[in-house]
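Here this note's numbering is used: the first residue of the sequence shown is 579, the next is one more, and so on.
Idealized CB from N, CA, C, for every residue including glycine.
Encoded as structure tokens, the structure appears first; notes follow it.
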Amino acid sequence: MLPRAALLLAGLLPLLAACAPTDPAVPTGGPEAWRVLSVGEARPPQGTSPVIRFEPGGRVSGTGACNGFFGPGQITPPVRIGPLGATLMACAPAAMEFDALLHAALGRVDGAAPQPGGQLDLTAAGRPVVRLGPAPAP
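Spelled out as structure tokens, the structure:
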């Protein structure tokens, strides 16, 4: 009887996982690439276009105002990002300061909340820390 019950349970587990509730506030069919519009009140320095990409398999990558970054991360619950690795290029001080703000904020992210106009706030303890917008098509 045990093998039959084990087989039944093994067959039901994928079905139960598919029925698990998801957070309806977090987009799952939206773009996988997002433009970083702001970190707190800080906007990207002029002439930069920071982007973050949520990739299959629970990975995240992107470019800040200066350096690239990469690591574990997902936008679907449970929302999490990091720890992140990054390239170490030297850039203008404003770009490097923005990157430091971005990396610190991404390390605190624990939620996501859609905003008007297709924008998305990444949140920490319920407060917005990074505002994203759809990335332009390549």
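Close-in-space but distant-in-sequence residues of the same chain around residue 616 (CB under 6 Å, 5 per side omitted): The sequence position of residue 616 within the sequence shown is 38, counting from 1. By the criterion of a C-beta distance shorter than 6 Å, residue 616 is surrounded in its chain by 709, once the five residues flanking it on both sides are discounted.
8 Å contact criterion, which residue 657 and residue 689 should meet: CB distance rounded: Working through the sequence shown from its first residue, we reach residue 657 at position 79. Working through the sequence shown from its first residue, we reach residue 689 at position 111. Contact holds; Cβ gap of about 5 Å.
Close Cβ partners of residue 648 (< 6 Å) along its chain, the five nearest in sequence each way excluded: On the sequence shown, residue 648 is found 70 positions in, with the first residue counted as 1. Spatial neighbours of residue 648 in its own chain (CB-CB distance under 6 Å, excluding positions within 5 residues in sequence) are listed in chain order as 639, 663.
Pairwise C-alpha distance: residue 715 and residue 680: Within the sequence shown, numbered from 1, the residue matching residue 680 stands at position 102. Within the sequence shown, numbered from 1, the residue matching residue 715 stands at position 137. Distance between the alpha carbons of residue 680 and residue 715: 22 Å.
Bridge partner(s) assigned by DSSP for residue 633: As a working note, residue 633 is residue 55 in the sequence shown. DSSP, once it has assigned bridges, lists 637 as partnering residue 633.
Nonlocal neighbours in the same chain, by C-beta distance under 6 Å from residue 711, ignoring five residues either side: In the sequence shown, counting from the first residue as 1, residue 711 sits at position 133. 613, 615, 697.
Residue range of the alpha helix (DSSP H) that includes residue 646: Within the sequence shown, the letter at position 68 stands for residue 646. Counted as a single uninterrupted DSSP element, the stretch harbouring residue 646 is not any alpha helix (DSSP H) but the beta strand (DSSP E) occupying residues 646-652.
Contact under 8 Å by Cβ, residue 622 with residue 676: The residue you call residue 622 lines up with position 44 of the sequence shown. The residue you call residue 676 lines up with position 98 of the sequence shown. In contact: residue 622 and residue 676 (Cβ atoms closer than 8 Å).
Residues near residue 672 in its chain [Cβ-Cβ closer than 8 Å; skip 5 each side]: Position 94 of the sequence shown holds residue 672. Excluding sequence neighbours, residue 672 sits near 623, 643.
Residues sharing a beta bridge with residue 706, DSSP: Counted from its first residue, the sequence shown places residue 706 at position 128. The partner list for residue 706 (beta bridge, DSSP) reads 701.
Nearest residue (CA-CA) to residue 666, options 650, 645, 630: Numbered from its first residue, the sequence shown carries residue 666 at position 88. Across the set 650, 645, 630, the C-alpha of 645 shows the shortest separation from the C-alpha of residue 666.
Cα-Cα separation between residue 654 and residue 629, rounded to whole angstroms: Here the question's residue 654 lines up with position 76 in the sequence shown. Here the question's residue 629 lines up with position 51 in the sequence shown. Going from the Cα of residue 654 to the Cα of residue 629 covers about 18 Å.
Boundaries of the beta strand (DSSP E) in which residue 643 is found, first to last residue: Your numbering for residue 643 matches position 65 in the sequence shown. Run containing residue 643: none; DSSP gives neither H nor E here.
Among 626, 661, 702, nearest to residue 729 - alpha-carbon criterion: With the chain represented from 579 up to 716, any question about residue 729 goes unanswered, as that position is not in the structure.
Proximity winner among 705, 683, 686, 685, relative to residue 692 (alpha-carbon distances): By one-based count along the sequence shown, residue 692 stands at place 114. Looking at the Cα atoms, 705 is the closest of the given residues.
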